Amino acid sequence: MLVPVVVDAAAKEWSLLEFQGDLIPGDGAEKPDLRGLDVGTLRYGQGGEITLRIGNHVLAGKVAKLPKPFAILQKDGGTDGDVVMTEDENDAAGQTKYEVVGIARTRVVFASRPKPVLV
């Protein structure tokens, strides 16, 4: 089975954030949905210094180039286990396709432990 991949020529530039440890939302949800979650405030400083503030903690990081770029894909079409019958002959029976929404060429590495901030 061939899975079509749609490539937009104007794909956005992304960066991966690399943490040490886990990122746990504080709302007490049992199985949280992390999509659209506001993690914190990311600031670019002078000299390539990057800081990320999450709640009452600050992390310091630096930018590193990835050995190979990553494609950020978004799944379109298909089904999640449910069978959907359509009469459209142009539809390839709910065929799944992937769209390239971004390219990640860099990563931000936060190697040190977070420092507490007094508010």
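Under our numbering, the residues of the sequence shown are numbered 152 to 270, in order.
We put the CB at the ideal spot given by N, CA and C, even for glycine.
None of these values were measured; they are calculated from a predicted model.
Report yes or no: do the region 188 to 199 and the region 244 to 257 share at least 3 C-beta pairs separated by less than 8 Å?
-> Touching, no.
Report the partner residues of phenylalanine 221 according to the DSSP bridge assignment.
-> According to DSSP, phenylalanine 221 bridges with Ala255.
Among Lys219, Leu185, Glu169, the one whose alpha carbon lies nearest that of isoleucine 175 = Distance check between isoleucine 175 and each of Lys219, Leu185, Glu169 places Leu185 closest, using alpha-carbon atoms only.
Please report how far the alpha carbon of arginine 204 lies from the alpha carbon of serine 263, in whole angstroms.
-> If you take the alpha carbons of arginine 204 and serine 263, they lie about 13 Å apart.
Spatial distance of valine 270 from phenylalanine 170 (CA atoms) = Taking the straight line from one Cα to the other gives about 23 Å.
Roughly how many angstroms lie between the CA atoms of arginine 256 and proline 220, to the nearest whole one?
-> C-alpha separation (whole angstroms): 5 Å.
Which same chain residues, not among the five before or five after phenylalanine 261, have their C-beta less than 6 Å away from its C-beta?
-> Hits under 6 Å: Phe170, Leu210, Gly212.
Determine, using beta carbons only, whether leucine 168 comes closer than 8 Å to chain B.
-> In the displayed structure, chain B is absent; only one protein chain is listed.
For arginine 194, the residue or residues it bridges with in DSSP = Paired residues: Thr202.
For the putative contact between valine 251 and leucine 217, defined by C-beta atoms under 8 Å, what is the C-beta separation to the nearest angstrom?
-> At roughly 16 Å, the Cβ-Cβ gap does not stay under 8 Å, so valine 251 and leucine 217 are not in contact.
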